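Here's the structure, in C-alpha cells; my notes come after.
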Amino acid sequence: RKEVEQDPGPFNVPEGATVAFNCTYSNSASQSFFWYRQDCRKEPKLLMSVYSSGNEDGRFTAQLNRASQYISLLIRDSKLSDSATYLCVVSTGRRALTFGSGTRLQVQP
Amino acid sequence: GAGVSQSPSNKVTEKGKDVELRCDPISGHTALYWYRQRLGQGLEFLIYFQGNSAPDKSGLPSDRFSAERTGESVSTLTIQRTQQEDSAVYLCASSPGPWEWAGELFFGEGSRLTVL
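Protein chains in written order, with the numbering used here: chain A, 144 to 252; chain X, 4 to 119.
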C-alpha cells in the first residue's frame, strides 16, 4: 500500500463549481499535512497547510480526519486558473515529506 | 536570483553515460531535498541534507545514484551509467529548517533528464 494515496482524476468541472479531493495516508504517526499545487510542467508550490481543526484560505478549505487517516481539499467557485494537479503531502517524521501522485483538476469554461 | 536554481534545465544523454545535476538552494536554507518525478507520476524522494548532519540517503534507488552537498550551499546529484528508466524530472527543494520544522518546501524548476 502506498504511503499517500490520491484519486488521479481527472476531475472535469465547469467554472463556478465546487469540487472536493480526498487523500488517504497509511502511517498513523503522520504529523503534518499539506496540499501543494503543480501546474503542467512546472514545479510544485505550497497551496496550504492542513491543521487538525480544519482551515480555510479564501475559496479553499482543508480538513483532516486523523481517525480515518484522510485529508480533504474543497475548492469553491472554481476558476479556470485552478486547473492544475493537486498533491497531497504528508510528513511522517521519518524522512522528508512524502508526496501523493496528485489529482488532476480541469476547470472548463 | 532569490529562488532555487537548478542546472541544466534539460539534459539528453546516451545510455551508459554519467550525468551531474546541480542545485543552488535559497541562501540561508539549511535543508535540501532531491526528488524524482517520472512522466505523469508523483514525486519520489531521493535524498535529504540537513546542515552538517549525515544525509538521509534512504530514497536513492540504486548505487548508481549519489549526491553531495557542500556545507549549506550547492548540491550535486550524480547518476552513473544511466539507464532509460532514469529518464525523469529531477527536482531540488530547500527549506529554512529541517523536516521537523514542517514548513514549506521551495522547489526549483527541475532538470529534465532524457536517456536515449
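Ideal placement from N, C-alpha and C gives every residue a C-beta, glycine not left out.
Because the structure is a prediction, the values reported are computed rather than measured.
- X:T85 is positioned such that its CB atom lies no closer than 8 Å to that of X:R25.
- Between the C-alpha atoms of A:Q206 and A:L248 there is a straight-line separation of about 19 Å.
- DSSP, read as helix, strand or coil, puts A:Q149 in strand.
- The beta carbons of X:Q44 and X:L94 sit no closer together than 8 Å.
- X:S69 carries a strand assignment under DSSP once its states are collapsed to helix, strand and coil.
- Put simply, the CB of X:L63 is far from chain A, with every gap to its CB atoms at 8 Å or more.
- For X:L24, the three-state secondary structure derived from DSSP is strand.
- With contacts defined by Cβ atoms closer than 8 Å, X:W37 and X:L49 form a contacting pair.
- Nearest neighbour of X:D89 by Cα position, chosen from X:F68, X:T33, X:S98 and X:D27, turns out to be X:F68.
- Excluding the 5 residues flanking it on each side, A:L189 has same chain C-beta neighbours closer than 6 Å at Y179, in chain order.
- For A:V193, the enclosing beta strand (DSSP E) starts and ends at K188 to V193.
- Using a Cβ-Cβ cut-off of 8 Å, A:G152 does not count as an interface residue toward chain X, since no Cβ of chain X sits closer than that to its own.
- Within chain A, the C-beta atoms nearer than 8 Å to that of X:F110 come from E186, P187 and K188, in chain order.
- At a cut-off of 8 Å, the C-beta of A:G201 has no neighbouring C-beta in chain X.
- Pairing A:S234 with A:S173 gives a Cβ-Cβ distance under 8 Å.
- For the stretch 37-58 of chain X, the set of residues with a beta-carbon nearer than 7 Å to any beta-carbon of chain A comprises Q44, G45, L46, F48 and Y51, in chain order.
- Distance from the Cα of X:G62 is smallest, within the candidate group X:Y51, X:R72, X:E107 and X:S56, for X:Y51.
- Looking at the DSSP output, A:A205 shares a beta bridge with A:N198 and A:L216.
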